[in-house]
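Visitor:
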Amino acid sequence: MNILVINCGSSSLKYQLINSESEAVLAKGLCERIGMEGSCIKHTPSGKDKVTKETPMPDHTYAIQAVIDALTDAEHGVVKSLSEIDAVGHRIVHGGEKFAKSVVITDEVLDAIAECNDLAPLHNPANLIGINACKKIMPGVPMVAVFDTAFHQTMPEKAYMYGLPYEYYEKYKVRRYGFHGTSHDFVSARAAEILGKTREDLKIIVCHLGNGASISAVDHGKCVDTSMGLTPLEGLIMGTRCGDIDPAIIEFIAKKENLSISEINTIMNKKSGVEGMSKVSSDFRDLSAAMDQGNALAKMALETYTYRVAKYIGAYAAAMNGVDVIAFTAGIGENDGRVRSMTGKYLGYLGASIDESKNNVHGDEAIISNEGDKVTVMVVPTNEELAIARQTASLVK
Ligand code: ADP
């Protein structure tokens, strides 16, 4: 089956066409500036060069049409016609408490996703627009919704409740949901597979360190805790997000700087994290280079970042009463040996350490702990698109 995987944002749309039997990526690409001047599609057929085409995309329906045109193009296409696309898998950010797994999209499912819009006002409406655009352009092609929150729905109440008046949970469902679930699910399963074990026999901590970063405790195959919360702002320090802070800081800074709550929210999401701390960059390649040149703030940002990751690993080892595997994934986790090494320095008490001779890994699967260690530390590249394609294929068969 050929599965079109769609990740739709408010003004952009990422796609991959994946053959579910061979798991090969036939083509991938990105539509940018949807609804704006200068919109374009960047399309990369497998094994060929990227082609960029400017084309008007007043809305997402035009973007989906541009994707179909690119996929079926005589020169750059990878299939002959729309009929060779068997199903569409949509990445949906928030499934609230309604979705603990992926589902085939029906009108009822669309309504239920829309009911979660409040919880992810920037993402869910855009995801829905993507689904509706596909419905228009490819009527009759089955579609599946894969939720970022679903894998975390197994968390117990004690892990997802906040210390707030219960009525906010009753009225507005204010609780921890967690994100990157597709990645935590994929990486924990793959880590066990690489070790020749089943996930159901292991206690695994997954550190998804990308631009957004989160960590999760997967106890015998089930997520029991994760660091992101009601929104993706909680938990680890990220590229531009602050992660955990004293909530009273919000009012303190609002008064000092004469800012509104929503202005502070923007600062906490877009101007904080390692970028705000270091005044250098949100990109860890830049941070590391700055640290090597003696930049004290870059060093402080990296030290604070890795200290926070190590604290969460300790917390989740406590939550699971032990840990067998620690897996690093996503852009930083897969590529940045320094971050892995700095984090590893805190893990001796658990029986985990990093063998520096194995730590020079960039995007490959690897075991990087010392032989004989009680805990296995691994690098396991994530592949959210493949996970979405697999789930879509299994649901529409
Ligand atoms: P997202 O999917 O959240 O946008 P990614 O998982 O792709 O993010 O991670 C992107 C980040 O990974 C970059 O901002 C950068 O900090 C980091 N990164 C990518 N490549 C490297 C590398 N070779 N060394 C260190 N960090 C890297």
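The opening residue of the sequence shown carries number 0 in numbering that gives the first Met the number 0; numbering runs sequentially from there. Every residue, glycine too, gets a C-beta built ideally from N, C-alpha and C.
For the beta strand (DSSP E) containing T375, list its first residue and its last residue.
Guide: Within the sequence shown, the letter at position 376 stands for residue 375. T375 -> beta strand (DSSP E) spans 375-378.
Visitor: What are the complete beta strand (DSSP E) segments, minimum 3 residues, inside the segment 28-97?
Guide: 39-44, 50-53, 86-91
Visitor: What's the call for G234, buried or exposed, on a 16-neighbour Cβ count within 10 Å?
Guide: Here residue 234 is taken as the residue at index 235 of the sequence shown, counted from 1. Buried, by the Cβ-count rule.
Visitor: With distances taken from CA atoms, which of M341, D110, A288, A253 is nearest A309?
Guide: Counting from 1 along the sequence shown, the entry for residue 309 is found at position 310. Comparing Cα-Cα distances from A309 to each of M341, D110, A288, A253, the minimum goes to M341.
Visitor: When you measure from the CB of F283 to every non-hydrogen atom of ligand 1, does any distance come out below 7 Å?
Guide: Walking along the sequence shown from the start, residue 283 turns up at place 284. Yes; taking the cut-off as 7 Å, the Cβ of F283 has a heavy atom of ligand 1 nearer than that.
Visitor: For M35, which residues in the same chain have their Cβ closer than 8 Å to its Cβ, ignoring the five residues on either side in sequence?
Guide: Position 36 of the sequence shown, counted from the first residue, corresponds to residue 35. Excluding sequence neighbours, M35 sits near S10.
Visitor: Do three or more CB pairs link the segment 217-230 to the segment 330-337 at distances below 8 Å?
Guide: Touching, no.
Visitor: If you check the beta carbons only, do A216 and D224 fall under 8 Å apart?
Guide: What you label residue 216 is simply residue 217 of the sequence shown in a count that begins at 1. What you label residue 224 is simply residue 225 of the sequence shown in a count that begins at 1. Cβ atoms of A216 and D224: closer than 8 Å.
Visitor: Is V324 buried or exposed, if buried means 16 or more other CB atoms sit within 10 Å of its CB?
Guide: By 1-based counting over the sequence shown, the position of residue 324 is 325. Buried: at least 16 other Cβ atoms inside 10 Å.
Visitor: In whole angstroms, give me the CA-to-CA distance for A26 and N116.
Guide: Against the sequence shown, residue 26 aligns to sequence position 27. Against the sequence shown, residue 116 aligns to sequence position 117. The straight-line gap separating the alpha-carbon atoms of A26 and N116 is approximately 30 Å.
Visitor: Put M154 into one of helix, strand or coil per three-state DSSP.
Guide: Within the sequence shown, numbered from 1, the residue matching residue 154 stands at position 155. In this structure, M154 counts as coil in the three-state DSSP scheme.
Visitor: Let me know if I248 comes out buried or exposed under the rule of 16 or more other beta-carbons within 10 Å of its beta-carbon.
Guide: Reading the sequence shown from its first residue, position 249 is the one you call residue 248. Exposed, because fewer than 16 other Cβ atoms sit within 10 Å of the Cβ of I248.
Visitor: What residues in its chain sit with their C-beta under 7 Å from that of G384, if we drop five residues either side in the sequence?
Guide: As a working mapping, residue 384 is identified with position 385 in the sequence shown. Just to set this straight, residue 384 is Glu in the shown sequence, not Gly. Contacts found: V4, Q15, I17.
Visitor: Taking 8 Å as the cut-off, decide whether the C-beta atoms of V87 and V145 are in contact.
Guide: Translated into the one-based positions of the sequence shown, residue 87 becomes position 88. Translated into the one-based positions of the sequence shown, residue 145 becomes position 146. Going by C-beta atoms, V87 is not nearer than 8 Å to V145.
Visitor: Do you know whose CA, among G209, E192, L208, Y304, lies nearest L201's CA?
Guide: Mapped onto the sequence shown, residue 201 falls at position 202. Comparing Cα-Cα distances from L201 to each of G209, E192, L208, Y304, the minimum goes to E192.
Visitor: Based on DSSP bridge pairs, tell me the residues matched to M142.
Guide: On the sequence shown, residue 142 is found 143 positions in, with the first residue counted as 1. For M142, which the question treats as bridged, DSSP gives the partners V87.
Visitor: In its own chain, which residues sit with a C-beta less than 6 Å from the C-beta of A289, not counting the 5 before and 5 after it?
Guide: As a first step, residue 289 must be located in the sequence shown, where it is residue number 290. Excluding sequence neighbours, A289 sits near V279, A297.
Visitor: Just list the residues that DSSP pairs H219 with in beta bridges.
Guide: Along the sequence shown, read from residue 1 onward, the residue named residue 219 stands at position 220. Beta-bridge pairing links H219 to no other residue.
Visitor: Indicate whether I91 and I112 have their beta-carbon atoms separated by less than 8 Å.
Guide: As a first step, residue 91 is located in the sequence shown; it is residue number 92 there, counting from the start. As a first step, residue 112 is located in the sequence shown; it is residue number 113 there, counting from the start. Yes, they are a contact pair.
Visitor: Is it buried or exposed, Y176, if we count other Cβ atoms within 10 angstroms and call 16 or more buried?
Guide: By one-based count along the sequence shown, residue 176 stands at place 177. With 16 or more Cβ atoms within 10 Å of its Cβ, Y176 is classed as buried.
Visitor: Nearest by alpha-carbon distance to K170: which of L118, A190, K344 is it?
Guide: Within the sequence shown, residue 170 is the residue found at index 171, counting from 1. Of the listed residues, the one whose Cα sits closest to K170 is L118.
Visitor: Have a look at F150, D48, I40 and flag the residue whose alpha-carbon is nearest the alpha-carbon of P55.
Guide: Walking along the sequence shown from the start, residue 55 turns up at place 56. For P55, the nearest C-alpha among the options comes from I40.
Visitor: Hey, how far is the Cα of E250 from the Cα of S259?
Guide: Position 251 of the sequence shown, counted from the first residue, corresponds to residue 250. Position 260 of the sequence shown, counted from the first residue, corresponds to residue 259. Roughly 9 Å between the two C-alpha positions.
Visitor: By a C-beta neighbour count over all protein chains shown, 10 Å radius and 16 as the cutoff for buried, is L163 buried or exposed?
Guide: For the purposes of this step, residue 163 is taken as residue 164 along the sequence shown, with counting starting at 1. By the neighbour-count rule (16 or more Cβ atoms within 10 Å), L163 is not buried but exposed.
Visitor: CB-CB under 6 Å to V50, same chain, minus the five flanking residues each way: which ones, in chain order?
Guide: Indexing the sequence shown from 1 puts residue 50 at position 51. Excluding the 5 residues flanking it on each side, V50 has same chain C-beta neighbours closer than 6 Å at H42, H75, in chain order.
Visitor: Which residue or residues does DSSP assign as beta-bridge partners of C7?
Guide: Reading the sequence shown from its first residue, position 8 is the one you call residue 7. L12.
Visitor: Between the C-alpha atoms of Y348 and A316, what's the straight-line distance to the nearest angstrom?
Guide: Residue mapping note: residue 348 aligns to position 349 of the sequence shown, counting from 1. Residue mapping note: residue 316 aligns to position 317 of the sequence shown, counting from 1. Taking the straight line joining both Cα atoms gives about 11 Å.
Visitor: Is K172 closer than 8 Å to G95 when the C-beta atoms are compared?
Guide: Looking up residue 95 in the sequence shown gives position 96. Looking up residue 172 in the sequence shown gives position 173. Contact flag set, yes.
Visitor: Among S182, A253, C241, which one has its Cα closest to the Cα of L386?
Guide: Locating residue 386 in the sequence shown gives position 387, where the first residue counts as 1. The amino acid occupying residue 386 in the given sequence is Ala; Leu does not appear at that position. When each option's Cα is compared against that of A386, the closest is S182.
Visitor: Just checking: is the beta-carbon of L25 within a distance shorter than 8 Å of some beta-carbon in chain B?
Guide: Of the chains in the structure shown, none is chain B; there is only one protein chain.
Visitor: Flag this pair as yes or no: are the beta carbons of V143 and A326 separated by less than 8 Å?
Guide: Stepping through the sequence shown from its first residue, residue 143 is reached at position 144. Stepping through the sequence shown from its first residue, residue 326 is reached at position 327. Taking 8 Å as the Cβ cut-off, V143 and A326 do not qualify as a contacting pair.
Visitor: Given 7 Å as the limit, tell me if H183 has its C-beta closer than that to any heavy atom belonging to ligand 1.
Guide: If you number the sequence shown from 1, residue 183 lands on position 184. Proximity of the beta carbon of H183 to ligand 1 is not indicated: no heavy atom of the ligand is located closer than 7 Å.
Visitor: Classify D362 as buried or exposed, calling it buried when 16 or more other Cβ atoms lie within 10 Å of its own Cβ.
Guide: Against the sequence shown, residue 362 aligns to sequence position 363. According to the sequence as given, residue 362 is Gly; it is not Asp. By the 10 Å Cβ count, G362 comes out exposed.
Visitor: Ignore the nearest five residues each way along the sequence and tell me which others in D335's own chain have a CB closer than 6 Å to its CB.
Guide: Here residue 335 refers to the residue found at position 336 of the sequence shown. The answer, listed in chain order, is F283.
Visitor: Which full runs of the alpha helix (DSSP H) of 4+ residues lie inside the segment 232-296, going along the chain?
Guide: 247-256, 260-269, 272-277, 283-291
Visitor: For the beta strand (DSSP E) that contains V205, what are its first and last residues?
Guide: For the purposes of this step, residue 205 is taken as the residue at position 206 of the sequence shown. Counting along the chain, the beta strand (DSSP E) containing V205 begins and ends at 202-208.
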